[in-house]
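Engineer:
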Amino acid sequence: MMFRRLSIGAVAAVATAFVVAPAAVAAPAPVFNNYGDCQQAGINEVTKAGGPASGVSFYCEKTYTVPGGVAGCPATSADGCLGEYYVLHTRNV
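Take the sequence shown: its letters are residues -26 to -1, 1 to 67, numbered as in mature numbering (1 follows the signal peptide of the UniProt record, and there is no 0).
#1: Counting pairs of beta carbons, one from the region 32 to 46 and one from the region 56 to 65, are three or more of them closer than 8 Å?
#2: So, is residue -5 buried or exposed, given that buried needs 16 or more other C-beta atoms within 10 angstroms?
#3: Can you give me the Cβ contacts of residue 13 inside the same chain, cut-off strictly under 8 Å, excluding the 5 residues immediately before and after it?
#4: Any idea what DSSP makes of residue 8, helix, strand or coil?
#5: Per the DSSP calculation, residue 19 is bridged to which residue(s)?
#6: Figure out for me which residue from 59, 17, 40 has the closest Cα to the Cα of residue 53.
#7: Give me whichever residues DSSP pairs with residue 35 in a beta bridge.
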């Protein structure tokens, strides 16, 4: 009987831990209207991490559409905006 109570208590504790500690969600990558701004933001991220020896690197990916509310595209634009945009990707190598 004692074992059964312990098992139910342990299961309840584990279930509570999963409910209380939600998984972290990564923020979306920043998007810029021009390549120069994207490059500068990438350089700033590397500098903030400690410079080139920190292992942080970046690249700017060209894209042609963004959703509403991103990189100057009006939030009310249901279909997003067309144009040339640059997505900043950073990684720790």
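Glycine included, every Cβ here is placed at the ideal spot set by N, Cα and C.
Since we're looking at a predicted model, the values are computed, not measured.
Structural biologist: Result, derived from the coordinates:
#1: yes
#2: Working through the sequence shown from its first residue, we reach residue -5 at position 22. Low per-residue confidence applies at residue -5: pLDDT is 49, beneath 50, and the placement is therefore not dependable, though the value from the model is reported in the following sentence. So residue -5 counts as exposed.
#3: One-based indexing of the sequence shown puts residue 13 at position 39. So the qualifying residues of the chain are 34.
#4: Locating residue 8 in the sequence shown gives position 34, where the first residue counts as 1. Looking at residue 8 - three-state DSSP - the assignment turns out to be coil, as it is neither helix nor strand.
#5: In the sequence shown, residue 19 corresponds to position 45, counting from 1. Bridge partners of residue 19: none, in fact.
#6: Working through the sequence shown from its first residue, we reach residue 53 at position 79. Minimum Cα distance to residue 53 is reached at 40.
#7: On the sequence shown, position 61 is the one that residue 35 refers to. For residue 35, which the question treats as bridged, DSSP gives the partners 61.
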